[in-house]
Every structure is written in C-alpha cells, then in structure tokens.
Amino acid sequence: MPLPALRATRPAWLTPRVARTEILAGLVVALALIPEVISFSVLAGVDPRVGLFASFTTAVVIAFTGGRPAMISAAAGAIALVIAPLVASHGVEHLIAAVILGGVVQILLGLAGFARLMRFIPRSVMVGFVNSLAILILSAQLTHLVDVPWLVYPMVAAGLAIIYLFPRLTTAVPAPLVAIVALTGLAVAAGLDLPGVGDEGRLPDGLPSLVLPDVPLTWETLRIITPYALAIAFVGLMEWLMTAKLVDDITDSHSDKTRETWGQGVANVVTGFFGGMGGCAMIGQTMINVKTAGARTRLSTFLAGVFLLVLVVALGDVVAAIPMAALVAVMIFVSLTTFDWHSLRTLPRMPRSETAVMVSTVAVVVATSNLAVGVGVGVLVACVLFARRVAHLVEVTATTDGRGRRVYAVRGALFFASSNDLVYQFDYAGDPAEVVVDLSGAQVWDASTVAALDAVTHRYATRGKQVQIVGLDEQSAVRFARHTGRLG
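Count along the sequence shown from 1, then add 312; that gives the number in my numbering.
Shown next as structure tokens:
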C-alpha cells in the first residue's frame, strides 16, 4: 500500500502532533484529579484508595465504552454526596453492592433510550449549568486559600501568570502542566513549607484487585442498597449527559448519548467489582482536557486513568510534593474560562422567563452543590413557565352562522394549562339552542382538555341546549373519542 494510503487509514491520534496533545492532556488531568478525588473520598467517608482506584477503572473503561471522546469520568463529588449516608450506616461493602447495582440500572436505562430525554433540556438550563459549574469549581478552591501560609498566595498568582502567559511563547506543552512542574520545582528547590497533595490523604501503595461485595444476598440487602443505586444511576447519568452535551458544543461535534449511558453503566459495574466508589463525569477535569489542553480523542481519557494509577502508586512521593497552590491555580483558570461571560452581557435582552430558568439553575446548584438537582429544578421551572406562556395563546371567538347557531372558534394548543379556563369562555345562558364548537384551529393534547369539553357540553345540556364539536384533526379526534364521557 502506498505511503499516502497508509496515512489516510491511520487513526487520527497516531499522528505525532495529536498524540503529544493527548498524552500531555492526560498527564495534566491525572495531576488535577488526585487531590480532588482524595477530597471526594473523604466526603464519602471512604479511604482515599477507594476513590483513586475508582477513578482509574472508570476512566480506563469509559475510554472504550463511552460515547463522548475526550470526556473525563472519575470518582466525583456528586456521587460522594449520594453515597455518604450509605457508607456511614452500612459500610463500604454495601457501597460496593450499590455501585454495581447502579451500573446495571444505567445499562438498562441506556438500552431503553434514556439519553433521548436530553432534547427536553433548554439552552437556558445549559447556560445555568455551565455558570454554576464554574462557581462550584472556584468555590472548591477557597478551602485551599484560607488559613494557609502567606507564600501560598504568591505561588497561586505565579501559577496563574504562567498559565496565561506561557501560551504566548508556545502551545506545544499545556500551560497548566508547565505551571505544576515549575511551582513544584521551585517549592522543592527552595524548601518552601507549603500544603501539598500528600497532605490531602494517604496515597495507595499497591494495585487494585478484584473483589466481591461481602453482603448477604437477601431481600433486606436489596432494600437497603436500591435507593442509593438508583440515586447513583440517575445523578451520574444527569452529569454525564450534561457534560457530554457541553463538550459537543465546545468541540462542535456529536456524541453518541445512548452509548455513553450504557457505557458509563459498564464502567460502574467494573469499578464496583474492583472495590471503587463509583463515578461519573468530572466536569472540571473535562474542561482541562478539552478546553485547556485541547484533547479530542479517547486516548487522553485512557491515559488520564493510567497516569493516575502510575502517579499514585509508583511516584507517590513525587506527587505528594506537588504544592496545592499549583493545582489551585489550574482550577481557578478552569473556572474563569468555563463561565459563560457572554450570558451576563445578554441578560438585559433575554426574556425574563429565560433569565429565571438560568438563575434558578445556578441558585439551586450553588445551594446544594449538586449539579443534577440544579438541572432538574431548572428543567421544571422551564416547563412551568413554558406551560404558562402557551396557556395564554388559546383564543376563542364567537360568531353566529346563517342557521342561527352560535359558533365558537377555538385556536391554539389545548392541554391541562390552557384548557382549564376554557369552560368560562361560553355564554351558556344567552346562547341559542344549538351551539357549535369549531376546533379546526386547535389541537387536543390530553385528557384534561377532553374533560373540559365534556364540561362545556354538560353545562349546555343542563339548559336543554345541544352542542356539536367539529373540526378535530385525526389525532385529536382519536384522543377525544377515547376519553369523552369516561372522565366523570
């Protein structure tokens, strides 16, 4: 085969330039993952090894099974919040069982098409999701900036300066990696007494091994773990799918959300059998990988997991010496670049309903530190405001035809919100004996509307008047025929 043909069939990540970008991105992400995962492990009430090993297995497995290349998955704060009560009440063994069951639920949801629900998430919720993510990333760094030696502050400033200025010299090496290496070298060479990664928790000194949850196989065990398994499944999927959509927008590419759904389930099942705490999308690290380091393929995700394991097991002493100031500088940079500043400039021109959705999403996320809950509330607010807006688009006009009948022409979408007031649009006492309700310009969407039309017919009937409903389109006619007279 000629050389040009070989190049044409070679995978994109095998080119030297792309491979270098992916490798360095994976290294930067691994370094940024370690302190966060340790802190999430502490939050969940488990040994740091449980979170670190979970991050390794999740990242490596999802690199093969996931539907969104370059997205980073690991042991995350959202999962830590969900599982903490289970660990406190029943221990790590029940946690492992819940993670495995949660992964099975995710696989089933993926096969059932759960990912298609993403189409119902409006843009205002996405903007709120991104902005609240940036706020959470920034606020998470405050613990590393309070009650610390004064040298931490100039080190963070120096790290930010390197990250912002180094790309002016070259983009061959990610600026965050340069900042981490430079500040670590300075701290070690000068003997600076600064908080380091090693202060966050004990790093593992061995490889993960295959385990089975030591729990009784009883209905009682299932009753205990099922609520937590469902929470792991739904919270994880919400964060995974939202992050995948965000990466789609950043990279101007499309991902397979269905594959991502069941693929993350497979990752959680594998993680559970290796004694991990479960995982989901790590949004901050994904932003480092995609937006800061420029990664675009599965190689960076796979190497993030591999580098993480190598760093904490083989190079634990070196990693422990990395000053937290360097990683704080990286995460501050990520938060500032993640925030959608354009959304603030367009606020005066946005409809108030859109602004309310975005603000409610941000407020709930910041208050609960849970992105999935915030997105759920944002979608709920958007649905309520949309229903309220559409409800006012129904119009009823009254005329009299040549036969002396009163004709009411109804226009608009008729559903529970818009049809509730429909019964008050008619003159039951003053209308003639024959009334026509013309629905040629309307659509009947639910049983509530059929019930409202039945109420109209009944009110006329009690006065000895006859109502004829005409103009139903095919679907509306089927829905009307199925429910009319049967709703009480």
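We put the beta carbon where it would ideally sit given N, CA and C, even for glycine. Note that this is a predicted model, so its numbers are computed, not measured.
Task: Identity of the residue in 610, 656, 767, 791 nearest residue 440 by Cα - done: 656
Open item on the list: I'd like to know if the region 449 to 464 and the region 689 to 708 are in contact, where contact means that at least 3 CB-CB pairs between them fall below 8 Å.
Closed with: no
Task: For residue 751, the three-state DSSP class (helix, strand or coil) - done: strand
Open item on the list: DSSP three-state label for residue 723, please.
Closed with: strand
Task: Supposed contact pair residue 581 and residue 768 - C-beta distance, whole angstroms, cut 8 Å - done: The pair is not a contact, with the Cβ atoms about 55 Å apart (cut-off 8 Å).
Open item on the list: I need the straight-line Cα distance from residue 534 to residue 410, nearest angstrom please.
Closed with: 9 Å
Open item on the list: Residues in the same chain with beta-carbon distance under 6 Å from residue 521, minus the five sequence neighbours each way, listed in chain order, please.
Closed with: none
- [ ] In the DSSP assignment, find the alpha helix (DSSP H) that holds residue 330 and state where it starts and stops.
- [x] 328 to 356
TODO: Just mark residue 720 as buried or exposed, buried being the case when its beta carbon has 16 or more other beta carbons within 10 Å.
DONE: buried
TODO: Please classify residue 655: does DSSP put it in a helix, a strand, or coil?
DONE: helix
Open item on the list: Rounded to the nearest angstrom, what separates residue 568 and residue 777 at their Cα positions?
Closed with: 58 Å
Task: Nearest residue (CA-CA) to residue 562, options 573, 605, 525 - done: 605
- [ ] Run the CB neighbour count on residue 367, radius 10 Å, all protein chains shown included, and call it buried at 16 or more, exposed below.
- [x] buried
Open item on the list: Please return the same chain residues whose Cβ sits closer than 6 Å to the Cβ of residue 596, not counting the five positions on each side in sequence.
Closed with: 449, 646
Open item on the list: Distance check for residue 427 and residue 380, CA to CA, integer angstroms please.
Closed with: 13 Å
Task: Separation of residue 746 from residue 779, as counted between CA atoms - done: 6 Å
- [ ] Give the C-beta separation of residue 338 and residue 585 to the nearest angstrom, bearing in mind that I take them to be a contact with Cβ-Cβ under 8 Å.
- [x] At roughly 24 Å, the Cβ-Cβ gap does not stay under 8 Å, so residue 338 and residue 585 are not in contact.
Task: Cutoff 6 Å; reference residue 442; Cβ partners in own chain excluding five residues on either side - done: 652
TODO: Could you tell me the distance, in whole angstroms, from the CA atom of residue 325 to the CA atom of residue 333?
DONE: Note that residue 325 has pLDDT 48, beneath the 50 cutoff, so the model's placement of it is unreliable and no number is given.
Task: Exposure label - residue 612; buried when at least 16 CB within 10 Å - done: buried
- [ ] Please list, in chain order, all residues of the same chain as residue 495 whose beta carbon is under 7 Å from its beta carbon, the five residues on each side excluded.
- [x] 467, 470, 471, 635, 637, 638
Task: Under 8 Å between C-beta atoms of residue 371 and residue 384 - done: yes
Task: Boundaries (first-last residue) of the alpha helix (DSSP H) holding residue 735 - done: Run containing residue 735: none; DSSP gives neither H nor E here.
TODO: Return the residue from the list 599, 543, 364 that minimises the CA-CA distance to residue 514.
DONE: 364
TODO: Report yes if the CB atom of residue 336 is closer than 8 Å to the CB atom of residue 485, and no otherwise.
DONE: yes
TODO: Taking residue 572 and residue 378 to be in contact with their CB atoms under 8 Å, please state how far apart those CB atoms are, rounded to whole angstroms.
DONE: 5 Å
Open item on the list: What residue range does the beta strand (DSSP E) around residue 781 cover?
Closed with: 778 to 782
Open item on the list: I'd like to confirm the pairing. Which residues does DSSP put opposite residue 385 in its beta bridges?
Closed with: 593
- [ ] Could you say if the region 662 to 677 and the region 626 to 635 meet the contact criterion of at least three C-beta pairs nearer than 8 Å?
- [x] no
Task: Sequence-distant residues of the same chain with beta carbon closer than 8 Å to residue 824, five excluded per side - done: Beyond the ends of the chain as shown, which are 313 and 800, falls residue 824; an answer cannot be given.
Open item on the list: For the beta strand (DSSP E) containing residue 377, name the first residue and the last one.
Closed with: Premise fails: residue 377 lies in the alpha helix (DSSP H), 360 to 377, not in any beta strand (DSSP E).
Open item on the list: Looking at the strands, I want to know which residues DSSP matches up with residue 707.
Closed with: 723
Open item on the list: Check for me: the alpha helix (DSSP H) holding residue 476 runs from which residue to which?
Closed with: 464 to 477
TODO: Using three-state DSSP, classify residue 624 as helix, strand or coil.
DONE: helix
Task: Per DSSP, cross-strand counterpart(s) of residue 718 - done: 712, 747
Open item on the list: If I measure Cβ to Cβ from residue 478 and keep anything under 6 Å in the same chain, skipping five residues before and after, which residues do I get?
Closed with: 487, 490
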